[in-house]
Each structure stands twice: as C-alpha cells, then as structure tokens.
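What follows is a single structure, written as structure tokens, with notes after it.
Chains as they are written, first to last, in my numbering: chain A, 106 to 432; chain B, 48 to 341.
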C-alpha cells in the first residue's frame, strides 16, 4: 500500500512541475528584458535580505516570544507565561531604578554631547593651520574600540591611584587619600553615575561635532554673507540662519547617538557593573545580568524589550528623514 | 626711495599677519581643552603600559612620567602568560570572515537597489537599513538561543554569524549610495559590447567602485573589534575570545587588576583600529547622516 503510494507520488508531481514551468513562462518570466532584470535584481538581493531576515527579523519576533515565556538557559522547553515577566519587572524596584538611570544617563549625556559637540564644531570649521591634525586627534575617543577606552578610564577612576585625584589633590581641590573629601569615582552612588555618563560623553562628543561640521559646511556661505550685508549681527545670524539650518542635523546626529547609547552596556558593565548598590544600573546591564548571568532568558527579554518604547520614536523619526532623502 | 618701496609692501602683510596670529591663538586656546580631553587618556594608557609595576603605585611623585626605566614587560606578559596571541588570531579571523560575508551579500544587494529599477527598491533599501537600528541589546538574548541551536556557543564562529547582522544593513545602504554615483553610460557601453548585466557589474561597475568596497571592508573590520556585547554574551572560553573581550575579562583576577598589561593589550589593538577608523570616519558619518544633509 505504502509502496504504491510512494510509487505514485512522483507521477502526479511531474506534470505539476511542468504546469508551474508553463505558467511561469506564460507570465513571461525571463522572456522580456524587464522581467529578466527583476529576476536578476531579486536574486542579487536575496542573500542580504535572507541573512537579515533570519538573524534580525526572526530573533526579534523570537524575543517577543521569549518575553512571554519562562525560557531559561539550559532548559530547552519553555512554557507560555503571558505577561508574567513584564509584571515581575514592573513590580521590581531594581527595574524602576534602571529605567530612571537609563533616562537620566541618556538625556544628561545627550545634552552634554550636543553642547560640547556644537562648540567643537564651531571651532573646527574655522580655517586654521593644522586643522586636519587637530581633527584627527580630537576624534580619537570615538574611533577607539569602546571596551579599550573604558579600561583606560577604569584605571583613571581607580579608588586609590586615580590620576585625576592626584591632579586634583595637587591643586588642593580635594582632601588627602582616605579622607571624606577624597572622591571615589566609581564607589559613591552619585559620582559613579556621573562618571559613567562622563565616559559616554567623552566617547560621543566628537561624533556630534563631526556630524554638525558636515551639516555646517553644507550651509552656503552666500546665505550668511547675505545676512551680513543686510546688517544682521553675529547673534542674529547665529539664531536666524545657523541654528535653523543645523538643528535638523544635530537632531539626526543625536537620534543616532541615542540609539547607540541606549543599547550600549560596555561602559557601565566594565566600570561599575551597575553598582554601587544599583546606582548605575541601566536597562542593558539589567537585561544582561538577568538574561545571561542569571540565565532567565524570558525575564531578560522582557527587560530589554522595555527599551523599545524609548527606541521606537527615534527609529520612526530616522525612518522619516531617510524617506525624505529619496525624493 | 628704496626705504619707501620696501616699507609699503611690508606694512599691509604685517597687520594681516598679526590678525591671523591672533585668530590662530584664539582658536588653539579654544581647542586646547578638547584636545586634552581626547588625547590625555591615550597618553596615560601608553605611559601605564610602559611603566614598571612599582612605578604605577606612587602618589608622591608626578605620575605623568617614568621614575623607573620604561619596560616591555607588560607586553611580554600578554604574549607569554595569557592567550593574547589567540585573541589576535581570533579577532583577525572574525574580521576576515565578516568582511567576506558582508561583501558577498551587500555588494549585490546595494547594486540591485541602486541600479536595477526594481519595484519597492527604495522601501526595501530603507527596510534593510532600519535593521541596523535594531540594537544588539534587544537581539542578544534570542540570538543566544540561535547561537546555541547552531552549536556555536563559546566559539568565535558565533560572532562571524552574528556581526553581519550589523554590517550587511549598513554596507548595503552605503554601497547603494555609492553605486548610484557610477554613471549609467559606462554600464550601457559594456552591455553594448556584449557583456550581460552580470558581466557589466563584475567587469565595469565593481572596478570603478573600489573605494566603496574598501569602505565596506573597513567598516566590517573595525566593527569586529568595536563590539563588546555579543562577544560577552556568546563567548566565555578563554582561547576563543576576541581581543577587547579577552583583555577586559582575563586580565582581571578577582580584585587584582594587571593595569600595565591591561593598558598594553588594549592599546595594541585599539590604536590601529583608531587610525584606520579615523581615515574612513567621513564616509561613515555621511553614510548615516546623508539623509539630513543632502
């Protein structure tokens, strides 16, 4: 019986193939130049699209599934638990500390990067001797691999042999080692949050500056000259011409930077790992420590997905500017 | 007569020069804090890497210079007492494979999106680029499952599989912009001469697009050394780690930090990456901000 079925299998199948082939030819795939071009084009696109779909699209959907399951490392079967993971997160005070720190970190560092970046950009667009060298040196923080520079900062923030403290104590700005006026950068809650933000600002300000410079050089000098001719003061020119023209670029730069900042865990992980006592815990480190270290994949996925509401407006904004570029 | 002739041409340049000097001084003064901020940490890491151990822990002398002769000991330690050699080999191998995968996928995709007037090409291009913005912090947990399903956990091959999720979207976008600038005529000329569409791509378009291809390779290469999250999440076996992860995790034993070797190991890979990245920074920036500027 089964043999007959198996034997019969291919024969109904064979005409079907022919039929499909015939139909394909009927709508003239491969016959007209346009159809050939489409076929060629989508074939060229396929590897990239498939790769991204398989390793970004599917994992993204899978993370939604993980977030509503009790999946954990080393346990292959996961049960559906509904919104349990989100509920657990929302009831956990550590989660809310992380949310607060994430917002403070991202906003505070973002503003600092915007200010420093703008100042630096204004200096760097001036024509002066050695500009290329200065520019190459100033962007070093952004070009160094992040883990590498964070290790350098960890040494500079050392509780006892910090070079920053050495300089400050020589200037008599802080007390001697061991006294309460001796700052322990990564050990005191407020200072620790400041320190991790500072490293983020240090890494990001060259990026803001370069983005702004690219925008500023695109302002035609004639417009500024026209403003001068019409008697606008420097401040007026700044407010009425330069700011409106660079604001969109600063905005785009900041949006990209915020996406990078929100998803970066290496600064906090390597400097404080969320400590002291949760003072620097941000959502990325909490998600890592919950999902990988403690092995609660479901819980971790729920925490990392809670970054999504923060990221989504930025992604929509960037999507809209990218679309505008096309037309 | 002669004095007048000499004096007049000199007066104008001198005030001009004084003005220019004043301007330069002001600009340099403004830049000084930024330069100090950017460069000092690197200088400090370098000094630390070359110092002898006792020289690191002295607060009574100016720490910015050597009080004992500089030493290569910290570098020596890296290569003889840790798996640093393995980490470099791993990093290079990861960078090589990621670049290869990226070129093989992003070049055809970028070309198709830019040149073949496909329906939905713009939306597809934007869609691919948007995946660049889906951050690793959302993807790393599900990818951990993917990696263990592929049985790649604790092997650097897991990073070869995962990094293209960042490089393909970015480089497709970058190359799309690049291919748009190649004139259609040279491609048409090649096709008139009997090349097929593929022949025209391989023989004419690619050779004139080499700066774009190099940019894609550099991006892939540097990304493999910039990432920390995926390496941390997927690789925990010492001899499989890439350099940044190895340095950050293996040179700290409990509370003991091998600061000299830490800095040596970090700089040894950090400085080359920074130099290469520096050269290609403008392309990177215009890749992601072209939207607002054009």
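For glycine and all other residues, C-beta sits at the position ideal for the given N, C-alpha and C. These numbers come from a predicted model, not from an experiment.
Beta-bridge pairing by DSSP links residue 131 of chain B to no other residue. Under the Cβ criterion (8 Å, minimum of three pairs), the region 184-201 of chain B counts as touching the region 402-416 of chain A. Under the 10 Å beta carbon count, residue 234 of chain B is surrounded by 16 or more other beta carbons and is classified as buried. If you draw a straight line from the Cα of residue 324 of chain A to the Cα of residue 227 of chain A, it is about 13 Å long. In this structure, the straight-line span from the alpha carbon of residue 380 of chain A to that of residue 266 of chain A is close to 20 Å. In the three-state scheme derived from DSSP, where H, G and I count as helix and E and B as strand, residue 304 of chain B is classed as strand.
With distances taken between CA atoms, residue 172 of chain B lies nearest to A:146 out of A:146, A:412, A:213 and A:337. Rounded to whole angstroms, the gap between the alpha carbons of residue 165 of chain A and residue 411 of chain A is 13 Å.
For residue 370 of chain A, the C-beta contacts it makes with chain B under 7 Å involve 184 and 276, in order along the chain. About 10 Å separates the beta carbon of residue 261 of chain A from that of residue 255 of chain A, a gap too long to meet the 8 Å contact definition. With respect to the C-alpha of residue 194 of chain A, the residue from A:320, A:401, A:308 and A:236 having the closest C-alpha is A:401. Under DSSP, residue 180 of chain A forms a beta bridge with A:177. Here residue 245 of chain A carries a helix assignment [DSSP, helix/strand/coil].
Rounded to the nearest angstrom, the gap between the Cα atoms of residue 108 of chain B and residue 304 of chain B is 22 Å.
The region 354-369 of chain A and the region 305-316 of chain A touch, with three or more beta-carbon pairs separated by less than 8 Å. Each of B:334, B:251, B:322 and B:286 was checked against the Cα of residue 240 of chain A, and the nearest Cα belongs to B:322. Contact holds between the region 256-264 of chain B and the region 215-228 of chain B, because three or more Cβ pairs, one in each stretch, are under 8 Å apart.
When the Cα atoms are used, residue 223 of chain B and residue 175 of chain B turn out to be separated by approximately 11 Å. Taken in chain order, the whole beta strand (DSSP E) runs of length 3 or more contained in the region 102-172 of chain B number zero. Judged by pairs of C-beta atoms under 8 Å, the region 161-168 of chain B does not touch the region 196-208 of chain B, as fewer than three such pairs exist. Here residue 211 of chain B is not near residue 276 of chain A, since their CB atoms are 9 Å or more apart. Comparing alpha carbon positions, the residue from A:196, A:213 and A:153 closest to residue 299 of chain A is A:213. Judged by their CB atoms, residue 88 of chain B and residue 307 of chain A are nearer to each other than the 9 Å cut-off. Across the region 240-268 of chain A, CB contacts with chain B closer than 7 Å involve 241, 242, 243, 244, 245, 246, 248, 249, 250, 251, 252, 253, 254, 256, 257, 258, 260, 261, 266 and 268, in sequence order along the chain.
Under a 10 Å Cβ-count criterion, residue 248 of chain A is classified as buried, with 16 or more other Cβ atoms of the shown protein chains found around its own Cβ. From the listed residues B:71, B:137, B:286 and B:245, the smallest Cα separation to residue 272 of chain B is found for B:137. Annotation: residue 265 of chain B has no Cβ neighbours in chain A at a cutoff of 7 Å; minimum Cβ distance is about 11 Å.
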